[in-house]
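In this note's numbering, the protein residues as written are 289 to 475. For glycine and all other residues, C-beta sits at the position ideal for the given N, C-alpha and C. Down below is the structure, laid out as C-alpha cells.
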Amino acid sequence: MQDSSIPVHKVILLYIVGRVPGIRRSQLFDAALASLSMDYFDLTLALDQLVSAQLIQVATRKDEALLDARDRAVQRCDLTEKGLAALDSLEDQIPASTRRFLADYLDKGDLKRRLADMVTAQVEETASGHYRLTCRQEGSEGDDFQLSLLFPSEALAKRGAQVWRDRSHEVYTAIIQALLPEDKEKP
Numbered sequence: 289m290q291d292s293s294i295p296v297h298k299v300i301l302l303y304i305v306g307r308v309p310g311i312r313r314s315q316l317f318d319a320a321l322a323s324l325s326m327d328y329f330d331l332t333l334a335l336d337q338l339v340s341a342q343l344i345q346v347a348t349r350k351d352e353a354l355l356d357a358r359d360r361a362v363q364r365c366d367l368t369e370k371g372l373a374a375l376d377s378l379e380d381q382i383p384a385s386t387r388r389f390l391a392d393y394l395d396k397g398d399l400k401r402r403l404a405d406m407v408t409a410q411v412e413e414t415a416s417g418h419y420r421l422t423c424r425q426e427g428s429e430g431d432d433f434q435l436s437l438l439f440p441s442e443a444l445a446k447r448g449a450q451v452w453r454d455r456s457h458e459v460y461t462a463i464i465q466a467l468l469p470e471d472k473e474k475p
C-alpha cells in the first residue's frame, strides 16, 4: 500500500477504538483487517505510530484476570484525550462506505466481544506440583459459574483452559445436565 494512505489507516484505527473503548488489541486487528482498507503491515505500523504519538493507549489492565489464547494478559486499546480530539477533527476522512461497514461490523461483533470478556480460564501451579484450572463465566452480578479442576500436567490444564474458552457453553450445559438430569418419567 502507498504511504499516502497511512493517515487514513490511522483515522480508521482511531474510529474503531473510539466506537469500542477498551477493545482488545486482537479485536482491533480483526476489525481493521476486515475493513479491507489496510494490510497487516500497514496496520501494525499505523498502530505503533498512534501509540508513539499518544493518540491510542495499548495496555493490560491491572485489575483484569483475562488471558488470551496464548495465556498472556489481554491488551486493551483506548483513545487518549489527544486521540479523541484527533478523531473528532479527522473522522470525515474515512470513506462513508468504510464507516458504514465498520459500524455494522462492530455492532454485530458486540455480543462476541462481551462473551469473550465474560469467559475466563486461569492455570496455576499448586504446592503439590499439580496444575489448577479455574474456569469462570461472569454475568452482570459477578461470577455466575466457577469450576476448579486439578490436572497432573500443565499441558493438560492448558488444553482444558482452551476448550473452556472455545466451548464454554457446551461444557457448562453438559455439567448442568449431568448434575440435574431430566426425570424421563414425568410428563
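query, result
"Here's the rule I'm using: 16 or more other beta-carbon atoms within 10 Å means buried, otherwise exposed. How should K298 be labelled?", "buried"
"Nearest-angstrom Cα distance between T408 and L438?", "16 Å"
"With respect to the beta strand (DSSP E) encompassing V411, which residues constitute its N-terminal and C-terminal limits?", "V407 to E413"
"Just verifying my parser: in three-state terms, what is the DSSP assignment at S441?", "coil"
"Classify S436 as helix, strand or coil using the three-state DSSP reduction.", "strand"
"My guess is that L390 and S441 are in contact by the Cβ rule of under 8 Å, so how many angstroms apart are they, rounded?", "Rounded, the Cβ-Cβ distance is 43 Å, inconsistent with contact."
"Closest to R313 by CA distance: which of M326, L331 and S325 is it?", "L331"
"So, is G417 buried or exposed, given that buried needs 16 or more other C-beta atoms within 10 angstroms?", "exposed"
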